[in-house]
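Asks: With numbering that gives the first Met the number 0 applied, the sequence shown corresponds to residues 0 to 314, in that order. A virtual CB, placed ideally from N, CA and C, is assigned to each residue, including glycine.
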Amino acid sequence: MDESLIKKTAGLSLDDEPVIVEYPTPRTVSTTKKVKSAKTKKEKTKRKKEKKKGKWKWKKQNIKRSEFQGVALDPTLVGKILDKIETAVQRSAKKNQVEIEIKFGKMMGRNSEARLALGGKPRPRIIHKLAFGHFDSDIGLHHFRKVCKSIEESQGPDPTFVDSRRKDTYHATKTQMFVNSKNLKDSTEICYKKRILGDFYIYNPTGEFDFKFLISERIIKNEEESERIKTYRRLFTRSKRRRNWYETSTGNVLSTSIIKLDPAVRNHRYEFEMRVDSQPIVLSALHGLGDGFYQDFHSKLLGVLYTADEINESL
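Here it is as structure tokens:
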């Protein structure tokens with residue numbers, strides 16, 4: 000339900016590459032019938048039997064796995080990401096809180112099973128949202144545990160994190176969606192509207208997960224508006240247990256979340272996202288305070304991309 004609302008508000012850009020995996024060139028039809036040798040027929044029969052038993056694997060000469068290609072190591076791609084983020088931030092109002100998130104997940108739908116671009120381009124690249132069905136941010140319990148372990152190892156003996164438990168209720172009108180968020184530890188509530196400023200997707204053909212970049216702003220509602228919003232149609236309720244890992248040197252935040260929806264679509268969802276400190280790019284793009292803040296955001300973004308690549312490669 001929320002995805003349909005997001006699609007209405009998200010700005011579309013048509014300059015992305017609409018190709019995920021190159022299609023193979025069709026073979027020309029020959030009128031001459033090829034005669035297969037007895038050896039070829041024997042190998043084919045053997046492969047079929049092994050396939051049924053689950054023992055058959057591709058030979059090394061038939062498929063060459065590309066080495067992992069990170070997003071942070073491609074300066075051209077990083078430049079495109081910076082431009083898209085800056086353009087999205089410029090749509091924000093100066094008084095609102097801007098969030099820049101990188102979500103781990105997989106592009107589902109068209110070409111979703113082709114994790115390697117065989118014979119094509121193995122490098123990560125920006126993909127238009129119309130080139131696939133939808134983005135599934137549920138990474139599963141197995142990979143969730145591996146992500147937590149990877150973060151703990153990178154944090155060292157004294158990790159900095161904060162645990163929280165919230166209950167978010169989503170209300171909607173015909174054109175807008177609002178969130179009433181309650182902290183289950185101290186029972187404090189906050190009501191806000193989340194407006195999408197821009198989103199785009201990074202396809203990682205050699206990694207386990209793709210990335211979704213989401214740039215949004217929070218419009219906080221006062222107490223009177225919050226009471227009125229509670230009377231709107233309720234879409235669903237989301238209970239979330241989150242652990243925020245803080246990188247003290249960069250100000251970036253790594254978040255692991257276990258989510259339960261009501262009404263339930265799945266038992267639990269396991270998500271991982273990274274939030275980039277948005278203050279430098281806001282000061283640069285909205286307030287025009289010089290290139291120093293832009294360069295500061297560039298270094299923060301590179302840091303979070305390097306971390307994302309390391310985690311994606313370890314899965």
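Distance check for R194 and I125, CA to CA, integer angstroms please.
Replies: Here residue 125 refers to the residue found at position 126 of the sequence shown. Here residue 194 refers to the residue found at position 195 of the sequence shown. Distance between the alpha carbons of I125 and R194: 22 Å.
Asks: Checking 8 Å against the spacing of the C-beta atoms, do S277 and Y293 come in under that value?
Replies: Here residue 277 is taken as the residue at index 278 of the sequence shown, counted from 1. Here residue 293 is taken as the residue at index 294 of the sequence shown, counted from 1. Going by C-beta atoms, S277 is not nearer than 8 Å to Y293.
Asks: Once you ignore the five residues that flank L304 on each side, which residues in its own chain have a CB closer than 6 Å to its CB?
Replies: The count along the sequence shown starts at 1 and reaches residue 304 at position 305. Counting only Cβ-Cβ distances below 6 Å, and skipping sequence neighbours, we find V70, A71.
Asks: Apply the 10 Å Cβ neighbour rule to G139 and answer buried if 16 or more other Cβ atoms are within range, or exposed otherwise.
Replies: As a working note, residue 139 is residue 140 in the sequence shown. Exposed, since its Cβ has fewer than 16 Cβ neighbours within 10 Å.
Asks: Mind checking who D82 pairs with in its DSSP beta bridge?
Replies: As a working note, residue 82 is residue 83 in the sequence shown. Answer by DSSP bridge pairing: none, since D82 is not bridged.
Asks: Opposite Q96 in the DSSP bridges: which residues?
Replies: Stepping through the sequence shown from its first residue, residue 96 is reached at position 97. R217, per the DSSP bridge assignment.
Asks: Could you tell me the alpha carbon to alpha carbon distance between S163 and N182, rounded to whole angstroms?
Replies: Within the sequence shown, numbered from 1, the residue matching residue 163 stands at position 164. Within the sequence shown, numbered from 1, the residue matching residue 182 stands at position 183. C-alpha separation (whole angstroms): 8 Å.
Asks: Comparing alpha-carbon positions, which option in A307, V281, L260 lies nearest S254?
Replies: Position 255 of the sequence shown, counted from the first residue, corresponds to residue 254. Measuring from the Cα of S254, the nearest candidate turns out to be A307.
Asks: Cα separation between E324 and R237?
Replies: No information on residue 324 is available, as it lies outside the stretch 0 to 314 that the chain covers here.
Asks: Tell me K105's beta-bridge partners as DSSP assigns them.
Replies: Numbered from 1 along the sequence shown, position 106 holds the residue referred to as residue 105. DSSP output for K105 lists D135 as bridge partner(s).
Asks: Check whether the segment 197 to 212 touches the segment 100 to 107, taking contact to mean three or more Cβ pairs, one atom from each stretch, closer than 8 Å.
Replies: Counting Cβ pairs under 8 Å, three or more are found: they touch.
Asks: Excluding five sequence neighbours on each side, which residues of the same chain lie with their C-beta closer than 7 Å to the C-beta of I218?
Replies: Residue numbering aside, residue 218 sits at position 219 when the sequence shown is read from its first letter. Here the set comprises N95, Y191, K192, R194.
Asks: For V88, count the other beta carbons within 10 Å of its own beta carbon; 16 or more makes it buried, fewer makes it exposed. Which is it?
Replies: As a working note, residue 88 is residue 89 in the sequence shown. So V88 counts as buried.
Asks: I need the straight-line Cα distance from F235 to G289, nearest angstrom please.
Replies: As a working note, residue 235 is residue 236 in the sequence shown. As a working note, residue 289 is residue 290 in the sequence shown. Roughly 43 Å between the two C-alpha positions.
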